[in-house]
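Chemist: Per the working numbering: the sequence shown ends with 155, consecutive numbering throughout. Next up is a structure, given as structure tokens.
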Amino acid sequence: MSVSVRPATREDARIIAEAVAMAIGSESAVLYCGENYLDVLEEVASETGTQYSYENSLIASFGGVPAGAICGYDGSLLSPLREKTLTIIRKHNPGIGVPDD
């Protein structure tokens, strides 16, 4: 079996959410997004113009099965990307502050 990498699509939002949650850790994910953090991060990943959007992600597949995701974006775009990301998160967790850069 081989590994392949492709641009993510909106349909990959759940695997992107899982990768982001693993990267930040479940404790931080709950703190920022609430107990339903995977659903919240999936919403973030399915939108355009967010930090963890499918637009900013690649999907690795092993034998044709998605196995992981990586997100990356131009750091100079952090502010507008974060603004939209936090807007979505605040719908679910209104008390969230602004994380450090």
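We treat Cβ as the ideally placed atom computed from N, Cα and C, and that holds for glycine.
Which of the three DSSP states is assigned to isoleucine 150 in this structure?
Modeler: In the structure shown, isoleucine 150 sits in coil (DSSP, three-state: anything other than H, G, I, E or B).
Chemist: Using a Cβ-Cβ cut-off of 8 Å (strictly less than) and excluding sequence neighbours within five positions of glutamate 101, which residues of its own chain qualify?
Modeler: So the list reads Ser107, Lys138 and Ile142, once near-sequence residues are dropped.
Chemist: Three-state secondary structure (DSSP) at alanine 75?
Modeler: Alanine 75 falls in the helix class under three-state DSSP.
Chemist: Measuring only the C-alpha atoms, how far is serine 80 from methionine 55?
Modeler: Cα to Cα, serine 80 sits roughly 31 Å from methionine 55.
Chemist: Report all residues from its chain with a CB closer than 8 Å to the CB of proline 120; omit the five preceding and five following residues, and keep chain order.
Modeler: Same-chain partners within the cutoff: Asp66, Ile69, Ile113 and Ala114.
Chemist: For glycine 111, count neighbouring Cβ atoms within 10 angstroms of its own Cβ and tell me buried if that reaches 16, exposed if not.
Modeler: Note that residue 111 is serine in the sequence shown, not glycine. By the 10 Å Cβ count, serine 111 comes out buried.
Chemist: Taking C-alpha atoms, which residue in Glu109, Leu135, Arg60 and Cys87 lies nearest to proline 148?
Modeler: Nearest C-alpha to proline 148: Cys87.
Chemist: Check whether the Cβ atoms of alanine 73 and isoleucine 124 lie closer than 9 Å to each other.
Modeler: For alanine 73 and isoleucine 124, yes; Cβs fall inside 9 Å.
Chemist: What's the call for threonine 63, buried or exposed, on a 16-neighbour Cβ count within 10 Å?
Modeler: With fewer than 16 other Cβ atoms within 10 Å, it is exposed.
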